[in-house]
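Trainee:
Residue numbers (our numbering): 22 to 242.
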């Protein structure tokens, strides 16, 4: 499990790191290993946020940083849970506008942190679907795999069509793309250069696959 600690106060950050080390030992029978990174600002924490299953935020200098952090995580395609640290156990204003946030009370107790991490681990395993990374010439996009209509390889570039009609030219490996999509259990490969979301198939036989827009994919060539 990958966890990011984001705290603007050095002492708070170091204390949370120490507690997390103990949590790692306490719950090792449940979670083999915790991989924890610690950051002092939003910019550092959002350089590559996709891998984290849980973000623990503790901003004491500027409460507005909570909103900035949440927006930055969304912009960068992060799909991990976010927990805020409540000073003196008091509900934060950010929780009124973001009811999906988890929380932990300060001062942080070892048992509470153990519980937070364990429950987050269980939730992530049962609810979270990893985003699909699409690398175009201009930028990298992170999209929900379920939104993909189909992906096709034409010999030089992969075309990925999503449900809103956008076509991305993906410059990553087609086989890697297929492996990621197949993990959802919702995709089939009617021929070696195309992978299709099953919910968009209206007819299928040994010769061809017909999509809901009328497009027919010949299995033989």
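Think of the CB as a built atom: it goes at the ideal place given N, C-alpha and C, for glycine as much as any other residue.
#1: Starting from residue 105, follow its DSSP beta bridges and name the residues at the other end.
#2: Going by DSSP, what residues sit across from residue 212 in a beta bridge?
#3: Hey, how far is the Cα of residue 8 from the Cα of residue 78?
#4: Looking at C-alpha atoms only, which residue of 186, 238, 206 is the closest neighbour of residue 223?
#5: By alpha-carbon positions, which one of 216, 234, 221 ends up nearest to residue 240?
#6: Helix, strand or coil for residue 33 per DSSP?
#7: Does the distance from the CB of residue 55 to the CB of residue 71 come in under 8 Å?
#8: Under a Cβ-count criterion, where at least 16 other Cβ atoms within 10 Å of its own Cβ denotes burial, should residue 202 be classed as buried or exposed?
#9: What is the rounded straight-line gap between the Cα of residue 26 and the Cα of residue 165?
#10: Where do the ends of the beta strand (DSSP E) carrying residue 60 lie?
#11: Quick one: Cα of residue 147 to Cα of residue 23, how far?
#12: Give me the DSSP bridge partner(s) of residue 174.
#13: Nearest to residue 232 by alpha carbon, out of 206, 108, 170?
#14: Which residues bound the alpha helix (DSSP H) around residue 91?
#15: Please check if any C-beta of chain D sits within less than 8 Å of the C-beta of residue 126.
#16: Rounded to whole angstroms, what is the Cα-Cα separation between residue 114 and residue 127?
#17: Can you find the residues in the same chain that come closer than 6 Å, C-beta to C-beta, to residue 60, ignoring five residues on each side of it along the sequence?
#18: Taking 8 Å as the threshold (C-beta atoms), are residue 183 and residue 199 in contact?
#19: Excluding five sequence neighbours on each side, which residues of the same chain lie with their C-beta closer than 6 Å to the C-beta of residue 256?
#20: Along the chain, where does the beta strand (DSSP E) containing residue 28 start, and where does it finish?
#21: With burial defined as no fewer than 16 other Cβ atoms inside 10 Å of the residue's Cβ, what is the status of residue 86: buried or exposed?
#22: Just verifying my parser: in three-state terms, what is the DSSP assignment at residue 10?
#23: Which stretch, first to last residue, makes up the alpha helix (DSSP H) that contains residue 147?
Mentor: Concretely, from the data shown:
#1: Here residue 105 refers to the residue found at position 84 when the chain shown is read from its first residue. 78, 124.
#2: In the chain shown, residue 212 corresponds to position 191, counting from 1. Partner(s): 215.
#3: Nothing in the structure corresponds to residue 8, since the chain is present only between 22 and 242.
#4: In the chain shown, residue 223 corresponds to position 202, counting from 1. The shortest C-alpha separation from residue 223 is found at 238.
#5: Counted from its first residue, the chain shown places residue 240 at position 219. Here the closest residue by C-alpha is 216.
#6: On the chain shown, position 12 is the one that residue 33 refers to. Correct three-state label for residue 33: helix.
#7: If you number the chain shown from 1, residue 55 lands on position 34. If you number the chain shown from 1, residue 71 lands on position 50. Going by C-beta atoms, residue 55 is not nearer than 8 Å to residue 71.
#8: Locating residue 202 in the chain shown gives position 181, where the first residue counts as 1. Burial call: buried.
#9: The residue labelled residue 26 in the question sits at position 5 within the chain shown. The residue labelled residue 165 in the question sits at position 144 within the chain shown. Approximately 25 Å, taken between the alpha carbons.
#10: By one-based count along the chain shown, residue 60 stands at place 39. From DSSP, the beta strand (DSSP E) with residue 60 extends over 56 to 60.
#11: Against the chain shown, residue 147 aligns to sequence position 126. Against the chain shown, residue 23 aligns to sequence position 2. Approximately 16 Å, taken between the alpha carbons.
#12: Along the chain shown, one-based indexing puts residue 174 at 153. The partner list for residue 174 (beta bridge, DSSP) reads 179.
#13: Numbered from 1 along the chain shown, position 211 holds the residue referred to as residue 232. Out of 206, 108, 170, 170 has the C-alpha closest to the C-alpha of residue 232.
#14: Within the chain shown, residue 91 is the residue found at index 70, counting from 1. Start and end: 85 to 96.
#15: In summary, chain D is missing from the structure at hand, where a single protein chain is found.
#16: The residue labelled residue 114 in the question sits at position 93 within the chain shown. The residue labelled residue 127 in the question sits at position 106 within the chain shown. Cα to Cα, the separation comes out at about 16 Å.
#17: Position 39 of the chain shown, counted from the start, is the residue given in the question as residue 60. Closer than 6 Å at the Cβ level, and outside the excluded window around residue 60, lie 27, 66.
#18: One-based indexing of the chain shown puts residue 199 at position 178. One-based indexing of the chain shown puts residue 183 at position 162. In this structure, residue 183 does not lie closer than 8 Å to residue 199 by Cβ.
#19: Coverage of the chain is limited to positions 22 through 242, which leaves residue 256 absent and any answer about it impossible.
#20: Translated into positions along the chain shown, residue 28 becomes position 7. Counting along the chain, the beta strand (DSSP E) containing residue 28 begins and ends at 23 to 28.
#21: To locate residue 86, count along the chain shown from 1; it is residue 65. The residue is buried, with at least 16 neighbouring Cβ atoms inside 10 Å.
#22: Within the shown structure, residues of the chain are numbered from 22 to 242, placing residue 10 beyond reach of any answer.
#23: Your numbering for residue 147 matches position 126 in the chain shown. That run of the alpha helix (DSSP H) goes 131 to 148.
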